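A.B. asks: Dumping the structure here so I can ask a few things about it.
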Amino acid sequence: MSSSQVEKQPAQAAEHKTGSVDEFSPLAMLKKEFAEVRAFNKRAAAQGYAAVVDEGKICEADAERAFKQDEYLSSRPTASDLKRKRETLAKEHEATMAEIKAELAAKKKSAAELQVGEERVQAKEEELQARAEKVEARERTLRGKEDAVAKDQAKVEQLIEKAKAMLPSY
0 MSSSQVEKQP AQAAEHKTGS VDEFSPLAML KKEFAEVRAF NKRAAAQGYA AVVDEGKICE
60 ADAERAFKQD EYLSSRPTAS DLKRKRETLA KEHEATMAEI KAELAAKKKS AAELQVGEER
120 VQAKEEELQA RAEKVEARER TLRGKEDAVA KDQAKVEQLI EKAKAMLPSY
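Positions 0 to 169 (numbering that gives the first Met the number 0) are the ones given, in order, by the sequence shown.
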């Protein structure tokens, strides 16, 4: 690439970014100074001033370094950019925390409902167990009464047999 192409590229890039080159921006002024130093070096070299050329190269290197530093600084986020990003992240964090808290509350609510349901089931089981015990007690009572009735009936039959035996047969 020739030096004229190198000089045109940053200007074209600046035009592309902003639409037009601002003559008074620090970047444009550095580019202008850089171009002037190069032109000075070329004239000095053509006239044979070696010492001036060396000094010009030093100036050119300084200008190039300043240009690169300016590009670096302009590409870095500003304090307001960082503040906006921090605020955005804080809002996202708050939203995420709110979602997590809502999910946790829903889970706690469902767990509480589940606990209430389990307590109801346990109460029903206890009630059914009590009913089963009552039924078993009634069955035992009925079996006892049936046994007593069977004993009484056996006694009655024995008494009938004794009475028949005592009566004369006709």
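Ideal Cβ positions, reconstructed from N, Cα and C, are used throughout, including at glycine. For clarity, every value in this text was computed on a predicted model and none was experimentally measured.
Suppose contacts are defined by Cβ-Cβ distances below 9 Å. Is E70 in contact with R37 by that definition?
C.D. replies: The residue given as residue 70 occupies position 71 in the sequence shown. The residue given as residue 37 occupies position 38 in the sequence shown. No. Outside cutoff.
A.B. asks: Hey, quick one: how far does the alpha helix (DSSP H) through R75 stretch, first residue to last?
C.D. replies: In the sequence shown, residue 75 corresponds to position 76, counting from 1. Premise fails: R75 is in no alpha helix (DSSP H) and is neither H nor E.
A.B. asks: DSSP three-state call for F33: helix, strand or coil?
C.D. replies: What you label residue 33 is simply residue 34 of the sequence shown in a count that begins at 1. Of the three classes helix, strand and coil, the one that applies to F33 here is helix, per DSSP.
A.B. asks: Please report the straight-line C-alpha distance between K144 and A131, rounded to a whole angstrom.
C.D. replies: For the purposes of this step, residue 144 is taken as the residue at position 145 of the sequence shown. For the purposes of this step, residue 131 is taken as the residue at position 132 of the sequence shown. Rounded to whole angstroms, K144 to A131 spans 20 Å at the Cα level.
A.B. asks: Would DSSP call L166 helix, strand or coil?
C.D. replies: For this step, residue 166 is matched to residue 167 along the sequence shown. The answer is coil: DSSP assigns L166 none of H, G, I, E or B.
A.B. asks: Going along the chain, which residues of its own chain have a beta-carbon closer than 8 Å to the beta-carbon of P76, five neighbours each way excluded?
C.D. replies: Counting from 1 along the sequence shown, the entry for residue 76 is found at position 77. Closer than 8 Å at the Cβ level, and outside the excluded window around P76, lie K84.
A.B. asks: With DSSP run on the structure shown, which of helix, strand or coil describes V5?
C.D. replies: The residue you call residue 5 lines up with position 6 of the sequence shown. Any answer about V5 is weak, because its pLDDT of 47 lies below 50 and its placement is not dependable; what the coordinates show is given next. Residue state, collapsed to three classes: helix.
A.B. asks: So, under 8 Å CB-CB, F23 and A62 are touching, yes? Tell me the CB distance rounded to an integer number of Å.
C.D. replies: In the sequence shown, counting from the first residue as 1, residue 23 sits at position 24. In the sequence shown, counting from the first residue as 1, residue 62 sits at position 63. Not quite, the Cβ-Cβ distance comes to about 17 Å (not below 8 Å), so this is no contact.
A.B. asks: Below 7 Å CB to CB, which residues in the same chain sit around L29 once its five sequence neighbours on both sides are set aside?
C.D. replies: If you number the sequence shown from 1, residue 29 lands on position 30. Hits under 7 Å: A62, A65, F66, D69.
A.B. asks: Can you find the residues in the same chain that come closer than 6 Å, C-beta to C-beta, to V115, ignoring five residues on each side of it along the sequence?
C.D. replies: Looking up residue 115 in the sequence shown gives position 116. So no residue of the chain qualifies.
A.B. asks: Can you give the beta carbon distance from S73 to L26, rounded, assuming they're within the 8 Å contact cut?
C.D. replies: Residue mapping note: residue 73 aligns to position 74 of the sequence shown, counting from 1. Residue mapping note: residue 26 aligns to position 27 of the sequence shown, counting from 1. With a Cβ gap of about 7 Å, S73 and L26 count as contacting.
A.B. asks: Determine the direct distance from the alpha carbon of K108 to that of K82, and round the result to whole angstroms.
C.D. replies: The residue labelled residue 82 in the question sits at position 83 within the sequence shown. The residue labelled residue 108 in the question sits at position 109 within the sequence shown. Going from the Cα of K82 to the Cα of K108 covers about 38 Å.
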